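Just below is one structure, and these are the notes that go with it.
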Amino acid sequence: MADDAPGPVTAPGVLFLVAVPGLEGALAAEAARAGFSSVREVPGGVEVAGGLAEAVRANVTLRCAVRVLWRVAAFRAMHLAQLDKRARKVAWRDWLVPGVPVKVEAVCRASKIYHHKAAAERIAGALEAAGIPVAAEAAVAVKVRIEDDLCTVSLDTTGEALHRRGHKTFVGKAPLRETMAAAFLWDMGFDGSQCVVDPMCGSGTIPLEAAEIAAGLVPGRSRGFAFEAMVGGAGDAGDAGLKPGLRRLGGGGSGGAGGSEGPCPSRSPEYLENKDEGARFFGFDRDDGAIRGARGNAERAGVAGLCRFERQAVSDLVPPEGVAPGIVLTNPPYGARIGDRKLLFGLYGALGRVLAERFSGWQVGIVTSDRGLAQATGLSLEPVGPVDHSGTKVWLWRGRVG
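Just so you know, UniProt numbering puts the end of the sequence shown at 402, numbered straight through with nothing missing.
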C-alpha cells in the first residue's frame with residue numbers, strides 16, 4: 001500500500017513538561033525563570049523549545065514538573081498501514097541505543113486510527129526493525145499520541161515521576177508531593193530567605209523543599225533518569241555540570257545550568273555545613289515515627305543543618321526564637337484524605353487560634369479540599385486552586401495573620 005499520508009516526518013524540537021493538574025501556571029513561571037525558551041502553558045503542562053540537553057536540565061532542575069517528554073517526531077497517519085510505514089522512517093537510532101529495550105505506550109483520540117493496542121504494535125515493529133528491542137517492563141518509554149490523525153512520538157526522558165527526589169525513603173500517611181510543596185511555597189512568596197514552619201509535617205516534605213530551595217540544591221541530584229539510557233544522555237548530564245557531586249544550581253531554587261538567577265540566592269558548597277546559621281525550616285508532628293522519619297529524610301537530602309523536626313502538638317506551637325515572621329505552610333488531614341471530618345473541626349479550630357494568638361505578621365497557607373475545615377480556623381484565608389492531589393481537588397488557603 002502506498003504511503004499516501006500527507007506531510008513529512010518532522011522533528012518538532014519541543015519538550016512537554018507534564019504538570020500536576022492545576023499547577024501549569026506555576027510550572028510555566030518556573031521554566032521561564034530557569035531560562036527555558038518559547039515557554040507556553042498548555043492543558044496538562046508546559047511546552048518549551050529544546051532537545052536532549054534541555055530535557056536533561058529540565059529533569060534535574062525543575063521542582064514543579066512531573067516528567068519531561070521529548071517530542072522527537074510527528075507525522076500524519078490515516079490508517080495502520082500508513083502508521084507502520086511512517087514509523088519506519090523515524091530516525092530511532094538518533095536517540096535510542098540499539099539493544100537497550102524500550103516500552104511503547106499509545107493513545108488514540110478523534111482519529112481514523114482508534115485502536116491504541118494496534119497502534120502500539122506498529123510502532124513496536126518499527127523500533128524492532130531499527131534494532132531497538134521492545135519489552136513491557138523497560139525503563140525507557142516511547143509515548144505515541146494520535147489525535148486528529150496526527151501522530152506525535154515522544155520519549156519519556158524522566159522514568160520514575162519527578163516528585164520522587166531519590167533521598168526521601170520515609171513517607172508518611174497521605175503525604176503532599178514534593179512538586180506541590182514547591183509550588184505552594186512559591187505561591188506563598190517564598191524566596192529562600194524566610195523561616196518556614198509546618199505544624200503537621202509528617203515526613204517533612206514542606207520544610208525539606210524549603211531548605212533545598214534556600215540552599216540552591218537541584219531536586220534531581222540524588223536519583224537516576226531515563227535519559228541516561230539514551231544516545232548522549234549521560235554525556236549531556238556531564239556537560240551540564242549535573243554529575244553526582246556537582247548537581248547544584250548556579251543560582252536559586254528554580255534556575256539551572258546556564259539558566260537565569262532564581263528567586264533565592266546561590267549558595268556555596270560550604271553553606272550546608274555552616275551550623276552557625278542555625279535551622280530556619282521547622283517541622284512538628286505529634287507522631288514520633290513521623291519525626292524520626294523526617295529527620296532521616298533531612299540527613300539523606302543533605303539539609304539536616306537547616307531543618308529541625310520535633311514532636312509537638314498543635315496547641316504547643318510557638319514561633320521559633322530569633323527569627324522574623326515568615327511562613328506557616330501545612331497540609332493537615334482532611335476527611336477525604338485521613339480522619340473523620342467531624343473530629344477534624346477541633347483540630348483546625350485549635351490551629352487557627354494558635355496562629356491568631358502567637359503568629360502575628362506571619363503568612364499562613366493551609367492545603368485542604370474542605371472549605372468548611374479551612375473556615376473553621378477562623379482566619380481570613382483566600383483559596384488558590386484547585387490542584388489535583390492524587391485524584392482529590394485541593395486548594396491552598398492563604399492569608400496573613402494580624
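A virtual CB, placed ideally from N, CA and C, is assigned to each residue, including glycine. Since the structure is predicted, the reported quantities are computational estimates derived from the model, not experimental observations.
| Query | Result |
| --- | --- |
| Taking the continuous alpha helix (DSSP H) assigned at Asp187, which residues delimit it? | 178 to 187 |
| Measuring CA to CA, which of Lys112, Gly302, Thr10 is closest to Ala91? | Thr10 |
| Could you tell me which whole alpha helix (DSSP H) segments of length 4 or greater appear in the stretch 308 to 373? | 341 to 358 |
| Just verifying my parser: in three-state terms, what is the DSSP assignment at Ala34? | coil |
| Going by the DSSP bridge assignment, what does Asp191 pair with across the sheet? | Looking at the DSSP assignment, Asp191 forms no beta bridge with any residue, so it has no partner. |
| Would you please state the rounded distance, in angstroms, between the beta carbons of Glu54 and Val48? I believe it to be under 8 angstroms. | 7 angstroms |
| Is it right to say Arg145 is buried, meaning 16 or more other beta carbons lie within 10 angstroms of its own, or is it exposed? | buried |
| With distances taken from CA atoms, which of Asp149, Val197, Met78, Asp94 is nearest Gly326? | Val197 |
| Does DSSP put Val60 in a helix, a strand or coil? | helix |
| Once you ignore the five residues that flank Gln363 on each side, which residues in its own chain have a CB closer than 6 angstroms to its CB? | Met188, Ile327, Arg400 |
| With respect to the beta strand (DSSP E) encompassing Ala226, which residues constitute its N-terminal and C-terminal limits? | Unbroken run through Ala226: none, as it is neither H nor E. |
| Spell out the partners DSSP gives Thr377 in its beta bridges. | The partner list for Thr377 (beta bridge, DSSP) is empty, contrary to what the question assumes. |
| Looking only at its chain, what residues have a beta carbon closer than 8 angstroms to the beta carbon of Leu23, apart from the 5 residues adjacent to it on each side? | Cys64, Thr179, Met180, Ala183, Val387 |
| Out of Glu321, Phe282, Arg93, state which residue places its alpha-carbon closest to the alpha-carbon of Ala202. | A quick correction: the sequence has Gly, not Ala, at residue 202. Checked all of Glu321, Phe282, Arg93; the closest Cα to Gly202 is Phe282. |
| Going by the DSSP bridge assignment, what does Leu27 pair with across the sheet? | Note: Leu27 sits in no beta bridge, so no partner. |
| Thinking C-alpha only, which one of Val384, Phe359, Gly349 is nearest Gln375? | Gly349 |
| Keeping to the same chain, check which residues put their C-beta closer than 7 angstroms to that of Asp149; ignore five residues upstream and five downstream. | Arg76, Ala77, Met78, Ser111, Lys112 |
| Roughly how many angstroms lie between the CA atoms of Ala301 and Arg164, to the nearest whole one? | 12 angstroms |
| Reducing DSSP to helix, strand and coil, say where Lys117 ends up. | helix |
| Starting from Leu17, follow its DSSP beta bridges and name the residues at the other end. | Val46, Val68 |
| Thinking just about the alpha-carbon of each residue, which of Val318, Thr169, Glu228, Ser390 is nearest to the one in Leu208? | Thr169 |
| Sorted by chain position, which residues of the same chain lie with C-beta nearer than 7 angstroms to Ser222's C-beta, five sequence neighbours on each side aside? | Arg165, Gly166, His167 |
| Please identify the residue among Ile206, Gly45, Leu83 whose C-alpha is closest to the C-alpha of Asn331. | Ile206 |
| Which of the three DSSP states is assigned to Gly385 in this structure? | strand |
| Over what stretch of residues does the alpha helix (DSSP H) that includes Gly296 continue unbroken? | 288 to 301 |
| Hey, how far is the Cα of Gly25 from the Cα of Val18? | 12 angstroms |
| Would you kindly report the start and end of the unbroken beta strand (DSSP E) that includes Ala141? | 140 to 147 |
| By DSSP, does Thr157 sit in helix, in strand, or in coil? | coil |
| Sort Ser369, Glu357, Ile132 by Cα distance to Val231 and report the nearest one. | Ile132 |
| Please classify Arg400: does DSSP put it in a helix, a strand, or coil? | strand |
| Please report the distance separating the alpha-carbon of Gly51 from that of Ala31. | 15 angstroms |
| Would you list the residues sitting across from Thr10 in a DSSP beta bridge? | Ala74 |
| What residues in its chain sit with their C-beta under 6 angstroms from that of Gly172, if we drop five residues either side in the sequence? | Gly202, Ser203, Ala290 |
| Closer than 7 angstroms, CB to CB, is Leu80 near chain B or not? | The structure shown contains no chain B; it holds only a single protein chain. |
| Once the 5 residues before and after Ala229 are set aside, which same chain residues still bring their CB inside 7 angstroms of it? | Val97, Val100, Ala139, Val140 |
| Closer than 8 angstroms by C-beta to Tyr114: which residues in its own chain qualify, once you throw out the five before and the five after it? Chain order, please. | Cys108 |
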